[in-house]
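Chemist: Before anything else, here's the structure in question.
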Amino acid sequence: LLTGATGFLGSALAANLLREGHRVLCLGRSGPDKIRRAVEQASVAVGWALTPEERSRLEAAHWELGAEPGQLPPKGLDQVDMVWHCAAEMSYSRRRSFNSMITNVAGSVALLRMLKRHAPNCRRFHYVSTAYSAGLHRGAVPESLVVPDHFLNGYQMSKSMTELSLAQEAAGSHIALSIIRPSICVGHSKTGAYEGSTFGLYMFLESYRKLSLAGVNAVRMDLDPSAQLNLLPIDQGLRDFMALTARDQSRLPELEVLNCVGDYVPIGAVMEETELCLGTRIQCGKPKNMIDKLYDRAVRANKEFAGHRYRFSVDAANRETGRVRGNPMEPTVLKKIVSTYFHVTRDEPLTRCWKERMRFALVSIYAKVVAPEPATNRPGTIHEQPRRVG
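Quick note on the numbering used here: the sequence shown kicks off at 435 and runs consecutively.
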């Protein structure tokens with residue numbers, strides 16, 4: 435059983451499970467047709483298409499995470515032996531914190547309770563959390579449950595509370611729990627293909643793209659270029675997940691936490707690749723004008739993540755997946771991921787909202803920098819015209 439099949443990670447995982455011979459039951463609030471299309475598109479994005487036989491092993495049913503109690507369980511749960519729970523409310527907004535708690539915490543617990551009742555053959559529940567559920571943790575984030583004392587946003591808080599709630603719900607039942615913590619998911623390491631939303635790294639890239647479309651050739655970013663991002667290419671994450679699926683379940687503990695993170699990339703390297711692709715000059719420092727402030731506002735949700743120096747314990751994840759992680763990312767991989775995104779999105783126009791924001795910002799800069807100072811009332815005074823800024 436798999437949830438989140440219309441998302442970037444869930445759809446790709448469903449396609450890979452089908453390719454490896456599994457029968458997959460996808461639950462989601464979208465209709466079955468939309469789920470099937472998402473899984474088929476994900477398989478094409480990673481370099482192959484589902485065969486008719488593979489498509490025949492894909493089932494989809496409506497089941498809404500976080501809906502009112504009393505939803506009827508979908509058919510076929512008695513045949514489920516493993517779960518990958520990828521669905522989540524991913525909003526950072528504090529105004530949507532309540533929705534995040536309902537969907538991520540209450541919805542996940544309700545799903546596990548339903549499986550405890552109606553899936554007697556289910557042996558393991560994989561919960562796809564986030565590597566940042568530990569909040570602003572000092573030192574290496576351990577591969578164990580953490581009770582943070584500070585969160586950056588509602589999404590982070592809801593993920594942490596879901597981990598703790600699922601651990602309590604699964605204790606003593608016939609379903610063991612694996613908490614999987616991926617870091618920032620990005621496109622394919624070989625092709626750069628990315629079918630997800632403008633989340634994580636892509637929030638920064640999309641903001642650069644919009645500024646470039648508006649004719650902006652320089653912007654300041656209020657971040658330390660030496661700060662490290664941990665990026666997990668989708669193909670590496672899928673190899674981890676497939677390795678975890680193939681394990682001998684009899685030897686595994688009732689509860690495990692695995693930091694399935696990727697490799698480290700300095701923010702300065704992302705800036706350099708962006709400059710090469712767009713021609714936009716990117717500097718580090720406090721915002722100086724309205725364009726800088728507009729960009730700063732657009733990426734504010736991810737600035738704290740990017741600025742905090744996260745480190746992760748990975749011994750258990752390395753052991754269970756057979757892969758060594760936490761190294762510097764190969765420059766060619768980063769180049770492919772960044773350049774592919776800009777190539778694919780180059781013809782997408784600015785939205786009306788962004789056009790209005792850019793118009794306001796450019797007019798403000800013109801009024802402060804380009805327009806001449808008002809003349810004084812003293813007769814005969816010679817006023818020097820301000821230098822025009824390109």
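Ideal Cβ positions, reconstructed from N, Cα and C, are used throughout, including at glycine. Here the structure is a predicted model, which means the values were calculated and not measured.
#1: Using only CA atoms, which one of S525, W482 and L645 lies nearest to T708?
#2: For V539, which option in E493, D515, E764 and E603 has the closest C-alpha, if you only look at C-alpha atoms?
#3: If you run the structure through DSSP and keep just helix, strand and coil, what is H777?
#4: At the level of alpha carbons, what is the spacing between L689 and Q670?
#5: To the nearest angstrom, how far is it from the Cα of L672 to the Cα of Q505?
#6: What would DSSP say about V539, mapped onto helix, strand or coil?
#7: On the DSSP letters alone, give me the boundaries of the alpha helix (DSSP H) that R654 sits inside.
#8: Would you mind stating whether V695 and G756 have Cβ atoms separated by less than 8 Å?
#9: Should V650 go down as buried or exposed, given a rule of 16 or more other Cβ atoms within 10 Å for buried?
#10: Does chain B have any CB closer than 8 Å to the CB of M535?
#11: Measure the C-alpha to C-alpha separation of A522 and G438 and round it to an integer number of angstroms.
#12: For A479, collect the residues of the same chain with a Cβ closer than 7 Å to its Cβ; drop the 5 residues on either side in sequence, then sort them by chain order.
#13: I need the DSSP call for F633, collapsed to helix, strand or coil.
#14: Report buried or exposed for R654, applying the criterion of at least 16 other Cβ atoms within 10 angstroms of its Cβ.
#15: Taking only runs that begin and end inside the stretch 692-750, name each unbroken beta strand (DSSP E) of 3 or more residues, in chain order.
#16: With respect to the beta strand (DSSP E) encompassing Q662, which residues constitute its N-terminal and C-terminal limits?
#17: Below 8 Å, how does it come out for the stretch 553-562 and the stretch 492-500: are there three or more Cβ pairs, yes or no?
#18: Here's the rule: buried if 16 or more other CB atoms are within 10 angstroms of the residue's CB, otherwise exposed. What is Y800?
#19: Can you tell me which of N723, K593 and L712 puts its alpha carbon nearest to the alpha carbon of S542?
#20: Helix, strand or coil: which one does DSSP assign to A476?
#21: Considering just the uninterrupted stretch of the beta strand (DSSP E) at E493, what are its terminal residues?
#22: Using CA coordinates, which residue listed in L459, R457, M535 and H519 is at the minimum distance from Y526?
#23: Ordered along the chain, which non-local residues of its own chain (more than five positions away) have a Cβ less than 6 Å from that of S563?
#24: To which residues of the same chain is I771 closer than 6 Å at the C-beta, ignoring the five residues directly before and after it?
#25: Pop quiz: S552 and P507 are said to be a contact at Cβ under 8 Å. What is the actual Cβ separation, rounded to whole angstroms?
#26: Reducing DSSP to helix, strand and coil, say where Y561 ends up.
#27: Under a Cβ-count criterion, where at least 16 other Cβ atoms within 10 Å of its own Cβ denotes burial, should G606 be classed as buried or exposed?
#28: Is the beta carbon of V733 sitting closer than 8 Å to the one on E577?
#29: So what does DSSP say about P762, is it helix, strand or coil?
#30: What's the gap between the Cα of L663 and the Cα of A680?
#31: In whole angstroms, what is the alpha-carbon distance linking M705 and I716?
#32: Tell me which residues share the same chain as M548 and place their Cβ nearer than 7 Å to its Cβ, disregarding the 5 neighbours each side in the sequence.
#33: Counting only the same chain and skipping the five closest in sequence on each side, list residues whose C-beta sits under 6 Å from that of M595.
#34: Locate the beta strand (DSSP E) running through L600, then write down its first and last residues.
#35: Within a Cβ cutoff of 8 Å, which residues of the same chain sit near W482, ignoring the five residues on either side of it in sequence?
#36: Measure the Cβ-Cβ separation of P721 and D656 and say whether it is below 8 Å.
Modeler: If we stick to the structure as given:
#1: L645
#2: E603
#3: helix
#4: 23 Å
#5: 31 Å
#6: helix
#7: Per DSSP, R654 belongs to no alpha helix (DSSP H); it is in the beta strand (DSSP E), A652 to M655.
#8: no
#9: buried
#10: This model lacks chain B altogether, as it is built from one protein chain only.
#11: 7 Å
#12: A627 and E629
#13: coil
#14: buried
#15: 697-700 and 715-718
#16: Q662 to P667
#17: no
#18: Residue confidence for Y800 is low, a pLDDT of 45 falling below 50, so the modelled location carries little weight and cannot support an answer.
#19: K593
#20: helix
#21: L492 to H496
#22: M535
#23: K593, E597, I613 and R615
#24: V620, G621 and G626
#25: A small correction: the amino acid at residue 552 is His; Ser does not occupy that position in the sequence shown. Yes, H552 and P507 are in contact; Cβ-Cβ is about 5 Å, under 8 Å.
#26: strand
#27: exposed
#28: no
#29: strand
#30: 29 Å
#31: 6 Å
#32: P507
#33: V539
#34: Note, L600: premise wrong, no beta strand (DSSP E); alpha helix (DSSP H) at G588 to A604.
#35: R453
#36: yes
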